[in-house]
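Visitor:
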Amino acid sequence: MPAANSAVSCKRTLPEGHFLFTSESVGEGHPDKICDQVSDAILDACLKDDPWSKVACETASKTGMIMVFGEITTRSPIDFQRVIRDTIKRIGYDHSDKGFDYKTCNVLGLDNGSLENHGAGDQGIMFGYATDETAELMPLTLVLAHQLNAKLAEERRKEGGLNWLRPDSKTQVTIEYKKEKDSGAVVPIRVDTIHAEEISTEDLREAIMKDIVKKVIPPHLLDDRTIYHIQPAGRFVIGGPQGDAGLTGRKIIVDSYGGWGAHGGGAFSGKDWSKVDRSGAYLARWIAKSLIAAGLARRVLVQLSYAIGVAEPLSIHIDSYGTASERPTPSWSNHPPQL
734 MPAANSAVSC KRTLPEGHFL FTSESVGEGH PDKICDQVSD AILDACLKDD PWSKVACETA
794 SKTGMIMVFG EITTRSPIDF QRVIRDTIKR IGYDHSDKGF DYKTCNVLGL DNGSLENHGA
854 GDQGIMFGYA TDETAELMPL TLVLAHQLNA KLAEERRKEG GLNWLRPDSK TQVTIEYKKE
914 KDSGAVVPIR VDTIHAEEIS TEDLREAIMK DIVKKVIPPH LLDDRTIYHI QPAGRFVIGG
974 PQGDAGLTGR KIIVDSYGGW GAHGGGAFSG KDWSKVDRSG AYLARWIAKS LIAAGLARRV
1034 LVQLSYAIGV AEPLSIHIDS YGTASERPTP SWSNHPPQL
């Protein structure tokens, strides 16, 4: 067993060929995700009436303040104050008791830039990853971490639900995988660790187990060795921008593949289609999904590279991790494709 697995498994022995892998997710009220959503809301407002808008929008947040900056060229009439405050309201920060309030927070301004059209907006490398372990063709560690956060948000909003929850949350899921020797594919075996923040008392932890974890994680992935860390550090009261500063583009691993595959370093939010950090990564993901859906591989990583002003990729690299098949079996025989 590799030394890295020994360290991560906390002195627990794993069978040969097995390993642990962890992915995290953050809730919509996390300071960095607030900024991502504000930047994307402004982008959407620009594209609504002007699909040729050029947008590079950044957002920063701290206690009682949202600051939006960058370059925007659009013909769309936009009430930036309304777009920003509506986004914060939708996230759930609607009262000062929650540490942030869309009605009273300060919103600071924007700059306008000039229109440019010269092919790719910058140089860079982008990656797309896909795997047949889930219907979404995404890593199960990340899918479950996202689903836990989505369930937290659902219960927070639901009448009669867990209304004491707040918008800022984090989840983390560790799964024990088995690597198949003959194909190179990785197969989820069981959930090893579930970590959720924002829970304070034992009663609330029990509610999270009953109403969130047990309803999200498939029972066959849980066993008596599964470890649950539900707010292990104690009370978590000050969250959102009051607790930490936020900035667009600081959750790029959460936004992509949860640590699987690779990442070129560019963020997505607040960027229009001419920014290859976003459109190139989407294209690479589409290629990877198509290869899996066609049964040409069981997991695959696609790299694209671009240079500023050049419309075509400079290079394309594909790694199937040894899972490529000469006799394709479309993945929709097991999972319906979502292309």
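All you need for our numbering is the position in the sequence shown, starting with 1, plus 733. Every residue, glycine too, gets a C-beta built ideally from N, C-alpha and C.
Roughly how many angstroms lie between the CA atoms of residue 1010 and residue 952, to the nearest whole one?
Guide: So the alpha carbons of these two residues sit roughly 38 Å apart.
Visitor: For residue 924, does the three-state DSSP call read helix, strand or coil?
Guide: In this structure, residue 924 counts as strand in the three-state DSSP scheme.
Visitor: Hey, is the region 818–838 in contact with the region 763–777, meaning 3+ C-beta pairs nearer than 8 Å?
Guide: The region 818–838 vs the region 763–777: in contact.
Visitor: Which residues does DSSP list as the beta-bridge partners of residue 813?
Guide: Per DSSP, none; premise fails for residue 813.
Visitor: Taking residue 1035 as the reference, give the member of 864, 831, 829 with the closest Cα.
Guide: Out of 864, 831, 829, 864 has the C-alpha closest to the C-alpha of residue 1035.
Visitor: So, helix, strand or coil for residue 871, using DSSP?
Guide: In the structure shown, residue 871 sits in coil (DSSP, three-state: anything other than H, G, I, E or B).
Visitor: Apply the 10 Å Cβ neighbour rule to residue 808 and answer buried if 16 or more other Cβ atoms are within range, or exposed otherwise.
Guide: Label assigned to residue 808: exposed.
Visitor: With distances taken from CA atoms, which of 958, 869, 860 is nearest residue 999?
Guide: Cα-wise, what sits closest to residue 999 is 860.
Visitor: What does DSSP give as the partner residues of residue 942 in its beta bridges?
Guide: Paired residues: none, contrary to the question.
Visitor: Select from 786, 832, 825 the residue whose C-alpha is nearest the C-alpha of residue 977.
Guide: Ranking the options by Cα distance to residue 977, first place goes to 832.
Visitor: Would the beta-carbon of residue 909 fall within 8 Å of that of residue 922?
Guide: Result yes, Cβ atoms of residue 909 and residue 922 sit closer than 8 Å.
Visitor: By Cβ distance, which residues of its chain are closer than 7 Å to residue 1057, with the 5 residues on each side in sequence left out?
Guide: Once the five neighbours on either side are set aside, the close Cβ partners of residue 1057 are 1029, 1030.
Visitor: If we count the other Cβ atoms within 10 Å of its Cβ and call it buried at 16 or more, is residue 890 buried or exposed?
Guide: By the neighbour-count rule (16 or more Cβ atoms within 10 Å), residue 890 is not buried but exposed.
Visitor: For residue 897, count neighbouring C-beta atoms within 10 Å of its own C-beta (all shown protein chains included) and say buried if the count is 16 or more, exposed if not.
Guide: So residue 897 ends up on the exposed side.
Visitor: Three-state secondary structure (DSSP) at residue 786?
Guide: The answer is coil: DSSP assigns residue 786 none of H, G, I, E or B.
Visitor: Identify, in the order they occur along the chain, each residue of the same chain with its Cβ nearer than 8 Å to the Cβ of residue 857, setting aside the five sequence neighbours on each side.
Guide: The answer, listed in chain order, is 997, 998, 999, 1009, 1010, 1013, 1038, 1039.
Visitor: Below 8 Å on the Cβ atoms is my contact criterion, and I expect residue 906 with residue 912 to pass it. Report the Cβ-Cβ distance as a whole number of Å.
Guide: Contact flag wrong, Cβ pair sits at about 19 Å.
Visitor: At the level of alpha carbons, what is the spacing between residue 788 and residue 817?
Guide: Rounded to whole angstroms, residue 788 to residue 817 spans 15 Å at the Cα level.
Visitor: What's the gap between the Cα of residue 841 and the Cα of residue 749?
Guide: About 56 Å.
Visitor: Once the 5 residues before and after residue 790 are set aside, which same chain residues still bring their CB inside 7 Å of it?
Guide: Counting only Cβ-Cβ distances below 7 Å, and skipping sequence neighbours, we find 772, 775, 776, 801, 803, 805, 1003.
Visitor: In three-state terms, what does DSSP make of residue 888?
Guide: If DSSP states are grouped into helix, strand and coil, residue 888 belongs with the helices.
Visitor: Distance, Cα to Cα, residue 757 vs residue 955?
Guide: So the alpha carbons of these two residues sit roughly 18 Å apart.
Visitor: Under a three-way DSSP split, which group does residue 827 fall into?
Guide: Strand at residue 827.
Visitor: Taking residue 878 as the reference, give the member of 1054, 986, 1007 with the closest Cα.
Guide: Comparing Cα positions, the closest option is 986.
Visitor: Determine whether the beta carbon atoms of residue 872 and residue 762 lie at a separation below 8 Å.
Guide: Cβ distance not < 8 Å, so residue 872 and residue 762 don't count as in contact.
Visitor: State the start and end residues of the unbroken alpha helix (DSSP H) segment that holds residue 799.
Guide: Residue 799 -> not in any alpha helix (DSSP H); beta strand (DSSP E) instead, spanning 798–806.
Visitor: Beta-carbon within less than 6 Å of residue 1053's beta-carbon, same chain only, minus the 5 sequence neighbours each way: which residues are those?
Guide: Excluding positions up to five away in sequence, the list reads 1030, 1033.
Visitor: Check this for me: beta carbons of residue 948 and residue 759, under 8 Å apart or not?
Guide: Against a cut-off of 8 Å, the Cβ pair of residue 759 and residue 948 comes out as no contact.
Visitor: Determine the extent of the beta strand (DSSP E) in which residue 915 is found, giving its start and end residues.
Guide: Residue 915 -> no beta strand (DSSP E), and no H or E assigned at all.
Visitor: In angstroms, rounded to a whole number, what distance separates the CA positions of residue 957 and residue 946?
Guide: About 15 Å.
Visitor: Would you mind reading off the limits of the alpha helix (DSSP H) that contains residue 1017?
Guide: Start and end: 1009–1026.
Visitor: Considering Cα atoms alone, identify which of 962, 915, 765, 893 is closest to residue 924.
Guide: Taking only the C-alpha atoms, the option nearest residue 924 is 962.
Visitor: On the DSSP bridge assignment, give the partners of residue 750 in chain order.
Guide: Residue 750 pairs with nothing; no bridge assigned.
Visitor: Does DSSP classify residue 978 as helix, strand or coil?
Guide: Residue state, collapsed to three classes: coil.
Visitor: Using the Cα positions of residue 1046 and residue 990, report the straight-line distance between them to the nearest angstrom.
Guide: Their backbone Cα atoms lie some 22 Å apart in a straight line.
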